[in-house]
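In the numbering used here, the protein residues as written are -10 to 207.
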Amino acid sequence: MSHRIALLAVLMGAAAMSLPRERSEWCQIWWEKANDAKLPRVLLVGDSICNGYHGVVKKQLAKFANVDKLASSKNIADPALVKEMGYMLSEYAYAVVHFNHGLHGFRIPKQDYEKYLRDYVAKVKTMAGDAKLVWASMTPLRGDHPNNKVIVARNEIAAKVMEENGIAIDDLHIVVVGKEGLRSDNKGDAYHYNGKGYAALGAQVSQYVTKLMEWDLK
-10 MSHRIALLAV
0 LMGAAAMSLP
10 RERSEWCQIW
20 WEKANDAKLP
30 RVLLVGDSIC
40 NGYHGVVKKQ
50 LAKFANVDKL
60 ASSKNIADPA
70 LVKEMGYMLS
80 EYAYAVVHFN
90 HGLHGFRIPK
100 QDYEKYLRDY
110 VAKVKTMAGD
120 AKLVWASMTP
130 LRGDHPNNKV
140 IVARNEIAAK
150 VMEENGIAID
160 DLHIVVVGKE
170 GLRSDNKGDA
180 YHYNGKGYAA
190 LGAQVSQYVT
200 KLMEWDLK
């Protein structure tokens, strides 16, 4: 089965949305040097956290790859996310797909998370062709936010699922958890980071991808 036929099969099989969406849903796509076919491509997939570190990774890997981005508010139970992924993966062949979705998925019931994650991962594997897949762990929320326990539990589930599927894991959680001076200056913002925080996350992603691809970042 060719890559495009596989993509079409996955997209045609996408089910209807079974969970309520957020009041506003969004999607941001970035194709770096879209007319350049010389360098390989790396795709970063995630939410607003990915939005924050994409620019760092794009700059650090500039001589090795064009770093594209799909940032979305959709969670892994939303078929629209699969469609967005399918669109990105149909336009270019990627050397690496570095992906995560979690901080918009707290509406997914605890008992259903693993089922949705397995289904999503299976679809990504089918659509990604020959790309090397890397799962990024969910980043923590500010302080002792109650959802941090959910994040830890879901990172553990994801670790099991990725191991079973032969997918590497880039642990972004450990990069920022408990670290001072990395959070947004907005004290009411439990999710996001300042420039130092995104620099730390971006550096981790860059280092992980370069090691995976055996590039020399120095």
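Ideal Cβ placement from N, Cα and C applies to all residues, glycine included.
Asked                                                                                                                 : Found
Pairwise C-alpha distance: Y83 and M1                                                                                 : At M1, the pLDDT of 47 sits below 50, so the modelled position is not reliable and the matter cannot be decided from this model.
Simplified DSSP state of L122, which is helix, strand or coil                                                         : strand
Own chain partners of R144 with C-beta closer than 7 angstroms, once the 5 adjacent residues on each side are dropped : One point to set straight first is that residue 144 is Asn, not Arg, in the sequence displayed. Excluding residues within five positions, the ones whose Cβ falls inside 7 angstroms are S126, M127 and H162.
Entirely enclosed alpha helix (DSSP H) segments - the region 22 to 68, minimum 4 residues                             : 37 to 49
Whole-Å CB distance - K200 paired with N154, under 8 angstroms assumed                                                : Not a contact, Cβ separation roughly 20 angstroms.
Cβ-Cβ distance between V56 and L33 below 8 angstroms                                                                  : yes
Local conformation of D160 per DSSP, three classes                                                                    : coil
Assigned secondary structure, I18 (DSSP; H/G/I helix, E/B strand, else coil)                                          : strand
Cβ-Cβ distance between E73 and L59 below 8 angstroms                                                                  : yes
Through-space distance from V110 to F88, alpha-carbon basis                                                           : 10 angstroms
Endpoints, beta strand (DSSP E) assigned at V86                                                                       : V85 to F88
Residue interval of the alpha helix (DSSP H) (run including V166)                                                     : Here V166 belongs to no alpha helix (DSSP H), and DSSP marks it neither H nor E.
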